[in-house]
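> The structure's right below; bear with me while I get my questions together.
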Amino acid sequence: MRCYANRCSAMAQRVSMSEGRADVIFAKNRQGPTGTCPLRFTDHTTWFRDAHEDELSPAWTRPDMMEAA
1 MRCYANRCSA MAQRVSMSEG RADVIFAKNR QGPTGTCPLR FTDHTTWFRD
51 AHEDELSPAW TRPDMMEAA
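Below, the structure written as structure tokens:
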């Protein structure tokens, strides 16, 4: 029973360390490369952002929306 408890705590630790992170996996791409793209997930806004982007950076804006302002 102790082994099971250790496994559960190790799994809980791995999950908490990866909270807010995601990987998009490109497993098949016509004539192109395959690979992964690391992302950051913000749960309260349900946004995926670039993994290297600052969490507090402004949201993406469209150029045509900037002209109207």
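Under the numbering used here, think of the first position of the sequence shown as 1, with each following residue one higher.
Using N, Cα and C, we set each Cβ at its ideal position, and we do this for glycine too.
So if DSSP puts residue 35 in a beta bridge, which residue, or which two residues, is it bridged to?
Per DSSP, 26.
> In chain order, what residues of the same chain have a beta carbon less than 7 angstroms from the beta carbon of residue 24, not counting five sequence neighbours either side?
Excluding positions up to five away in sequence, the list reads 36, 37 and 39.
> From residue 30 to residue 6, what distance separates their C-alpha atoms?
Roughly 44 angstroms between the two C-alpha positions.
> Have a look at 20, 44, 15 and 14 and flag the residue whose alpha-carbon is nearest the alpha-carbon of residue 52.
Comparing Cα-Cα distances from residue 52 to each of 20, 44, 15 and 14, the minimum goes to 20.
> Quick one: residues in its chain with C-beta nearer than 8 angstroms to the C-beta of residue 28, no 5 flanking neighbours on either side, listed in chain order?
Answer for residue 28: 34, listed in chain order.
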